[in-house]
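Numbering (the numbering used here), first residue to last: 6 to 46. Accompanying notes for the structure given below.
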Amino acid sequence: MKIILVGIILALVYSQPDLRLTVADWLRSASDFLVESVQVK
């Protein structure tokens, strides 16, 4: 599971040219994804 999360984080980091402006939205998206993945299990 950790490997998958690391891969997702790396993909998001590389897909965002300006993390300083998008980090807040990225964290919200990541937290929402984690909550959904936990609820599925």
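Heads up, the beta-carbon is just placed ideally off N, CA and C, and yes, glycines get one too.
Less than 8 angstroms between CB atoms is the rule here; does Met-6 satisfy it with respect to chain B? Annotation note: the requested chain B is absent from the structure, which comprises a single protein chain.
Between the CA atoms of Leu-17 and Val-28 - distance to the nearest angstrom: 10 angstroms
Can you list, in chain order, the residues of its chain with a C-beta nearer than 7 angstroms to that of Leu-10? Leave out the 5 residues immediately preceding and following it. none
Alpha carbon to alpha carbon, what distance is there between Trp-31 and Val-45? 21 angstroms
Express the C-alpha separation of Ser-36 and Ser-42 in angstroms, rounding to a whole number. 10 angstroms
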